[in-house]
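Comments concern the structure below.
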Amino acid sequence: MLIHSVFFWNKPASSAEDAAFLAGLQGLLAIPDIQQGFVGPPAATRDAVIDHSYDFGLTLLFADQAAHDRYQVDPRHLAFIKQFEYRFAKVRVFDMEG
Numbered sequence: 012m013l014i015h016s017v018f019f020w021n022k023p024a025s026s027a028e029d030a031a032f033l034a035g036l037q038g039l040l041a042i043p044d045i046q047q048g049f050v051g052p053p054a055a056t057r058d059a060v061i062d063h064s065y066d067f068g069l070t071l072l073f074a075d076q077a078a079h080d081r082y083q084v085d086p087r088h089l090a091f092i093k094q095f096e097y098r099f100a101k102v103r104v105f106d107m108e109g
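Note that our numbering has the sequence shown beginning at 12, numbered continuously upward.
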């Protein structure tokens with residue numbers, strides 16, 4: 012299993028633009044190689060070690076590296092990047108084997 016987590020720090024935007032961005036993230040979950048996925052803003056947890064500075068997170072579970080690699084070139088993933096990259100102030104990606 013491969014776990015792919017992406018955290019987005021976006022440029023300031025309207026609430027409508029944030030809603031469109033979140034909908035775009037949710038649309039990625041329809042890509043067949045994703046076994047399970049989660050999207051959303053930071054949780055309301057409070058602890059000194061938890062980083063709440065990002066705007067939205069995306070965590071995807073793939074069966075293996077090959078499924079992850081297919082996701083990376085899937086037209087829906089590439090379209091998401093093209094549509095929203097103007098919003099990215101910073102993006103951090105963490106991949107983990109599970």
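Note that beta-carbon positions come from the ideal geometry of N, C-alpha and C, so glycine has one too.
Distance between beta carbons of residue j and residue i, contact taken as under 8 angstroms
i     : j     : result
Phe73 : Asp44 : 6 angstroms
Gly5  : Arg87 : Residue 5 cannot be examined here, being either before or after the span of the chain that is shown, 12 to 109.
Leu89 : Leu36 : About 14 angstroms separates the two Cβ atoms, so there is no contact after all.
Chain-order list of residues whose beta-carbon lies under 6 angstroms from that of residue i (same chain, five-residue window excluded)
i      : result
Val104 : Val17
Leu40  : Gly48
Arg81  : Asp44
Beta-bridge partners of residue i, as assigned by DSSP
i      : result
Thr70  : Ser16 and Phe49
Lys101 : Trp20
Three-state secondary structure (DSSP) of residue i
i      : result
Asp106 : strand
His63  : coil
Arg87  : helix
Start and end residues, alpha helix (DSSP H) containing residue i
i     : result
Glu28 : Ser26 to Leu39
Arg81 : Gln76 to Val84
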